[in-house]
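Residue numbering for the sequence shown follows the working numbering, starting at 224 and increasing by one per position. Notes for the one structure printed next.
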Amino acid sequence: MAYSCDVCVKTFTSKSNFVMHEKIHRNERNHVCQICKKSFIRKHHLDAHHLIHTQEKPHVCVICNKVFSQKKHLTNHYRVHTKERPYSCDLCGKEFSQKYTLTNHYRIHTQERPYSCDVCGKDFSRKNFLIVHYRVHTKQRPYACEVCGKAYSQKSHLNLHYIMHTKEKPHSCEVCSKEFSQKSNLNRHYLTHTKEKPHS
Numbered sequence: 224m225a226y227s228c229d230v231c232v233k234t235f236t237s238k239s240n241f242v243m244h245e246k247i248h249r250n251e252r253n254h255v256c257q258i259c260k261k262s263f264i265r266k267h268h269l270d271a272h273h274l275i276h277t278q279e280k281p282h283v284c285v286i287c288n289k290v291f292s293q294k295k296h297l298t299n300h301y302r303v304h305t306k307e308r309p310y311s312c313d314l315c316g317k318e319f320s321q322k323y324t325l326t327n328h329y330r331i332h333t334q335e336r337p338y339s340c341d342v343c344g345k346d347f348s349r350k351n352f353l354i355v356h357y358r359v360h361t362k363q364r365p366y367a368c369e370v371c372g373k374a375y376s377q378k379s380h381l382n383l384h385y386i387m388h389t390k391e392k393p394h395s396c397e398v399c400s401k402e403f404s405q406k407s408n409l410n411r412h413y414l415t416h417t418k419e420k421p422h423s
């Protein structure tokens with residue numbers, strides 16, 4: 224006997240799977256975390272969530288010994304070692320190791336920007352872009368230099384700043400081998416070889 228969902232017409236051969244599926248449409252979340260009150264439809268999702276609070280990480284990578292609280296995170300991590308990219312864009316063919324990176328990539332094609340700033344209305348394609356943007360309004364600078372204390376809103380800006388202290392110059396010109404601390408300075412330098420003017 225087949226069970227058919229009235230909402231999305233999906234069919235199930237198992238009644239228990241059908242009942243569980245109906246809860247998704249009703250947003251029925253009966254399994255509640257007693258620590259943070261986050262709720263879940265399935266009990267095993269709640270059990271996996273509990274590991275966040277206990278800091279327990281039972282899943283170990285046999286290659287590099289990195290540990291994870293959830294098996295799915297370990298599965299995703301293995302692709303760092305195997306170079307496996309099972310998710311591919313059906314528009315341009317680009318491949319990805321994680322499903323969420325493919326989802327983010329699709330927004331390049333669709334121009335979709337589902338995350339909106341409730342302060343100024345600016346839209347973003349990724350949630351983390353919106354989080355970083357909020358710091359423009361809050362003036363929050365969570366990334367501080369351990370050497371001089373200067374703080375930044377983005378970690379990438381702090382990393383660039385650290386190069387000032389280390390005097391490191393990781394970007395070198397392929398033409399004359401001159402080295403630069405920042406890639407933007409190297410790009411400007413390349414114009415001296417091509418005889419282009421930066422603002423022509």
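Built from N, CA and C at the ideal position, the CB exists for glycine as well.
Nearest to Phe352 by alpha-carbon distance, out of Gln377, Leu383 and Leu414, is Gln377. Of Ser320, Gln334 and Arg358, the smallest CA-CA separation from Cys340 is found for Arg358. Around the beta carbon of Ser407, fewer than 16 other beta carbons sit within 10 angstroms, so the residue counts as exposed.
Residue state for Glu369 is assigned as coil, using DSSP reduced to three classes.
Taken in chain order, the unbroken stretches of alpha helix (DSSP H) that lie wholly in the segment 327–399 and span 4 residues or more are 350–361 and 378–389. Taking C-beta atoms as the reference points, Thr234 and Ser227 count as a pair closer than 7 Å. Here the alpha carbons of Cys368 and His272 stand approximately 33 Å from one another. Judged by their CB atoms, Phe263 and Arg249 are not nearer to each other than the 7 Å cut-off. Secondary structure of Thr415 (DSSP, three-state): helix.
Around Leu274, the same chain offers Lys280, Pro281, Ser292 and Gln293 as residues with beta carbons nearer than 8 Å, after the five sequence neighbours per side are excluded.
Here DSSP, grouped into helix, strand and coil, assigns Glu245 to helix. Around Cys287, the same chain offers His304 as residues with beta carbons nearer than 8 Å, after the five sequence neighbours per side are excluded.
One alpha carbon belongs to Pro393, the other to Leu409, and they sit about 10 Å apart. Close CB contacts of Glu318 within its chain, under the 6 Å cut and outside five residues either way in sequence, are with Arg308 and Ser311 (chain order). For Asn299, the enclosing alpha helix (DSSP H) stretches over residues Lys294 to Thr305. Under the three-state reduction of DSSP, Thr236 is assigned to coil, being neither helix nor strand. With a cutoff of 7 Å on beta-carbon distance, Cys396 and His412 are scored as near each other. When C-alpha distances from Arg265 are compared across Tyr375, Asn240 and Cys259, the shortest belongs to Asn240.
Secondary structure of Ser407 (DSSP, three-state): helix. Between Arg349 and Tyr338, the beta carbon gap of about 7 Å places them in contact (Cβ cut-off 8 Å). One alpha carbon belongs to Arg302, the other to Asp313, and they sit about 21 Å apart.
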